[in-house]
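Asker:
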Ligand SMILES: [Zn+2]
């Protein structure tokens with residue numbers, strides 16, 4: 001079974017007023033992602049949101065400006081992609097959606113064998129989640145028009161690397 005993973009589509013990354021806005025171009029992934037959500041929901045396939053949720057003192061802020069502080073507007077999923085009732089929202093504190101989260105357990109319980117990755121940023125949280133999915137023997141699909149990065153070069157590199165190294169299907 002396939003599951004749609006929606007990675008870090010939160011206000012701080014996607015809203016121009018967000019703390020770590022990825023850029024206007026990245027917002028272009030919103031409409032195709034809305035289509036994917038519709039498709040998965042119609043087919044009754046699992047939709048799982050992975051969302052950064054940091055403590056105000058998180059050590060990640062040594063490298064990035066503070067963002068996605070637990071309980072704030074910035075950490076909420078953007079209104080265009082609001083989760084529906086019954087859909088899992090998995091909070092995470094590091095790039096990979098598997099690191100110190102119940103994601104693997106949730107996927108196994110649902111009988112998921114293929115994770116379909118969407119969201120931001122292609123070269124950071126998407127690629128690191130792909131790595132951890134690969135290490136756990138999940139098959140990987142990446143919907144190319146549903147992932148974005150503030151750095152276009154890194155975006156292309158990440159797609160190439162996920163295809164070559166993690167056997168991801170880039171669709
Ligand atoms: Zn973060």
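Residue numbers (UniProt numbering): 1 to 171.
For each residue, glycine too, the CB sits at the ideal point set by N, CA and C.
1) Count the other C-beta atoms from every protein chain shown that fall within 10 angstroms of the C-beta of residue 46, then say buried if there are 16 or more, exposed otherwise.
2) According to the Cβ coordinates, are residue 150 and residue 71 closer than 9 Å?
3) Where does residue 1 land, buried or exposed, given buried means 16+ other C-beta within 10 angstroms?
4) What number of angstroms, rounded off, separates the C-alpha of residue 116 from the C-alpha of residue 139?
5) Leaving out five residues before and five after residue 8 in sequence, what residues of the same chain have Cβ atoms less than 6 Å from its Cβ?
6) How would the residue list near ligand 1 read, in chain order, if you kept each one whose beta-carbon is closer than 6 Å to any heavy atom?
7) Opposite residue 116 in the DSSP bridges: which residues?
8) At the level of alpha carbons, what is the spacing between residue 173 and residue 68?
Answerer: Short version:
1) buried
2) no
3) exposed
4) 9 Å
5) 52, 119, 120, 125
6) Taking each Cβ in turn, the ones that pass are 52, 54, 60, 67, 68.
7) 4, 141
8) Nothing about residue 173 can be read from this structure; the chain reaches only from 1 to 171.
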